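Chemist:
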Amino acid sequence: MGVLDGKAAVVTGAGRGIGKGHALQLAKAGASVVVNDIDADVAAEVVAEIKALGGKVIGNTGNVGDKAGADSIVAACVAAFGKIDIMMANAGIARDKTFLKMTEEDFDSVMNIHVKGTFLCHQAAALQMKEQGTGGSLVSTVSAAHFGNFGQVNYAGAKGAIASMTYTMALELARHGIRANAISPSGTTRMSDTYVGPDGKKHPMPFIDPELNGPVLVYLCSDEGNYISGQIFGTGGERIALLEQPKYGHTLFMPGGWTLEAVQKNFKQNLGNKLESLGITKPPYPFASGIHPPEAK
Ligand SMILES: NC(=O)c1ccc[n+]([C@@H]2O[C@H](COP(=O)([O-])OP(=O)(O)OC[C@H]3O[C@@H](n4cnc5c(N)ncnc54)[C@H](O)[C@@H]3O)[C@@H](O)[C@H]2O)c1
Numbered sequence: 663m664g665v666l667d668g669k670a671a672v673v674t675g676a677g678r679g680i681g682k683g684h685a686l687q688l689a690k691a692g693a694s695v696v697v698n699d700i701d702a703d704v705a706a707e708v709v710a711e712i713k714a715l716g717g718k719v720i721g722n723t724g725n726v727g728d729k730a731g732a733d734s735i736v737a738a739c740v741a742a743f744g745k746i747d748i749m750m751a752n753a754g755i756a757r758d759k760t761f762l763k764m765t766e767e768d769f770d771s772v773m774n775i776h777v778k779g780t781f782l783c784h785q786a787a788a789l790q791m792k793e794q795g796t797g798g799s800l801v802s803t804v805s806a807a808h809f810g811n812f813g814q815v816n817y818a819g820a821k822g823a824i825a826s827m828t829y830t831m832a833l834e835l836a837r838h839g840i841r842a843n844a845i846s847p848s849g850t851t852r853m854s855d856t857y858v859g860p861d862g863k864k865h866p867m868p869f870i871d872p873e874l875n876g877p878v879l880v881y882l883c884s885d886e887g888n889y890i891s892g893q894i895f896g897t898g899g900e901r902i903a904l905l906e907q908p909k910y911g912h913t914l915f916m917p918g919g920w921t922l923e924a925v926q927k928n929f930k931q932n933l934g935n936k937l938e939s940l941g942i943t944k945p946p947y948p949f950a951s952g953i954h955p956p957e958a959k
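Numbering (the working numbering), first residue to last: 663 to 959.
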């Protein structure tokens, strides 16, 4: 008996990397799985691997970034397994460049596959779940890059958007019995292999098996996880971390409203000394002594 016996799941971008790990774990937990990937060859390999394990599986090559593609993914799941219970929006790409060098194409392509792809796949799945009357689970994929990461304005922005979408989908869809959560995974993959530091160089990273994100996904989508919605978890390797939600912090009030003079008098000593560090690694706040134009040449 698996905890997902009888459930039908889609994983987008499941032909390799973290998505492949998700598909394997969902299948091992008893779910029937649609292995979606725009790359037909790798999708077919994962389908064969799951079949060899005795799982119920089909492949699909729909493009998550267009509506016809997203609709076809959900339709394929319903045609093969009669319904959809789980949508894991995982497909993604990276087009890293520093902000001033990033092209419109770099920006649009990343937004399209991550943000629009997540929107389209989840909306198609949620409409189907609502029609079924069964409820279900939507799980998105964010990244710690949305805290700010050098060279990733497009990707960080996309992942921040998906985090905010997760909170909002959870609020709206609970009435239909649909949960919306996200994971911020980690794993050694084709994508992780492209990361470079602010110095423009690759830094050796320990191997992390991408399949190790899957057990949290399975738990979130199981009936046992039915109390969890609107939450984001850092997964992968040996950890599971609850990602704290953004919220207003230290707050100043001025009866009657703030004048510029009042801001000048109060800001620096009451808020200016509480500025937060930023970026994935959270070094000390880097700009305390000011940011100045370059010296005139
Ligand atoms: N690897 C990490 O450490 C890490 C960290 C944080 C977040 N993530 C996120 O995890 C997800 C998976 O990343 P990965 O590292 O496994 O990357 P990957 O490149 O190994 O795999 C991504 C898969 O998505 C597929 N894909 C791309 N565009 C598609 C489209 N339009 N439609 C359908 N499939 C498409 C690709 O063909 C590929 O097989 C991504 O959303 C990524 O942003 C990864």
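From the three backbone atoms N, C-alpha and C, an ideal C-beta is built for every residue, glycine too. No experiment lies behind these values; they were computed from the predicted model shown.
1. Check the DSSP bridge columns for residue 670 and list the partner residues they point to.
2. Identify the residues that DSSP records as bridge partners of residue 721: which are they?
3. Below 7 Å CB to CB, which residues in the same chain sit around residue 899 once its five sequence neighbours on both sides are set aside?
4. Just to confirm, is the Cβ distance from residue 803 to residue 722 under 8 Å?
5. Rounded to whole angstroms, what is the Cα-Cα separation between residue 943 and residue 863?
6. Tell me whether residue 801 sits in a helix, a strand or coil according to DSSP, three-state version.
7. Using C-beta distances below 7 Å, list every residue in its chain close to residue 903, excluding the 5 sequence neighbours before and after it, in chain order.
8. Can you tell me the Cβ-Cβ gap for residue 835 and residue 842, rounded? I've got them flagged as a contact below 8 Å.
9. Of the choices 926, 812, 954 and 853, whose alpha-carbon is the least far from that of residue 861?
10. Give me, in chain order, the residues of the same chain whose beta-carbon lies closer than 6 Å to that of residue 709; leave out the 5 immediate sequence neighbours on both sides.
11. Counting only the same chain and skipping the five closest in sequence on each side, list residues whose C-beta sits under 6 Å from that of residue 733.
12. Anyone know if the C-beta pair for residue 829 and residue 772 falls short of 8 Å?
13. Distance check for residue 885 and residue 665, CA to CA, integer angstroms please.
14. Since residue 679 and residue 851 should fall inside the 8 Å C-beta cutoff, what is the C-beta to C-beta distance between them, to a whole number of angstroms?
15. With a threshold of 16 other CB atoms inside 10 Å of the CB of residue 909, please say whether the residue is buried or exposed.
16. Identify the continuous beta strand (DSSP E) that holds residue 897 and give its terminal residues.
17. Grouping DSSP H, G and I as helix and E and B as strand, with all else coil, what is residue 752?
18. On a Cα-Cα basis, can you pick out the residue from 676, 699 and 915 that is closest to residue 689?
Modeler: The short version:
1. As a position in the sequence shown, residue 670 is number 8, starting the count at 1. DSSP, once it has assigned bridges, lists 694 as partnering residue 670.
2. Taking the sequence shown and counting its residues from 1, the one referred to as residue 721 is at position 59. Answer is 697.
3. For the purposes of this step, residue 899 is taken as residue 237 along the sequence shown, with counting starting at 1. Only 848, 870 and 874 meet the Cβ criterion.
4. Within the sequence shown, the letter at position 141 stands for residue 803. Within the sequence shown, the letter at position 60 stands for residue 722. Cβ atoms of residue 803 and residue 722: not closer than 8 Å.
5. Taking the first residue of the sequence shown as position 1, residue 943 is located at position 281. Taking the first residue of the sequence shown as position 1, residue 863 is located at position 201. Going by the C-alpha atoms only, they are around 17 Å apart.
6. Taking the sequence shown and counting its residues from 1, one reaches residue 801 at position 139. Correct three-state label for residue 801: strand.
7. Here residue 903 corresponds to residue number 241 of the sequence shown, with the count starting at 1. Cβ within range, chain order: 895 and 896.
8. To locate residue 835, count along the sequence shown from 1; it is residue 173. To locate residue 842, count along the sequence shown from 1; it is residue 180. Sure, about 6 Å apart at Cβ, within 8 Å.
9. Counted from its first residue, the sequence shown places residue 861 at position 199. Minimum Cα distance to residue 861 is reached at 812.
10. If you number the sequence shown from 1, residue 709 lands on position 47. Excluding positions up to five away in sequence, the list reads 697, 719 and 721.
11. On the sequence shown, position 71 is the one that residue 733 refers to. Taken in chain order, the residues that qualify are 786.
12. Within the sequence shown, residue 829 is the residue found at index 167, counting from 1. Within the sequence shown, residue 772 is the residue found at index 110, counting from 1. Contact: no.
13. Counting from 1 along the sequence shown, the entry for residue 665 is found at position 3. Counting from 1 along the sequence shown, the entry for residue 885 is found at position 223. Computed Cα separation, rounded: 8 Å.
14. Position 17 of the sequence shown, counting from 1, holds the residue named residue 679. Position 189 of the sequence shown, counting from 1, holds the residue named residue 851. With a Cβ gap of about 3 Å, residue 679 and residue 851 count as contacting.
15. The residue given as residue 909 occupies position 247 in the sequence shown. Classification for residue 909: exposed.
16. Counting from 1 along the sequence shown, the entry for residue 897 is found at position 235. Residue 897 -> beta strand (DSSP E) spans 894-898.
17. In the sequence shown, residue 752 corresponds to position 90, counting from 1. The answer is coil: DSSP assigns residue 752 none of H, G, I, E or B.
18. Within the sequence shown, numbered from 1, the residue matching residue 689 stands at position 27. Among 676, 699 and 915, the Cα nearest to that of residue 689 is on 676.
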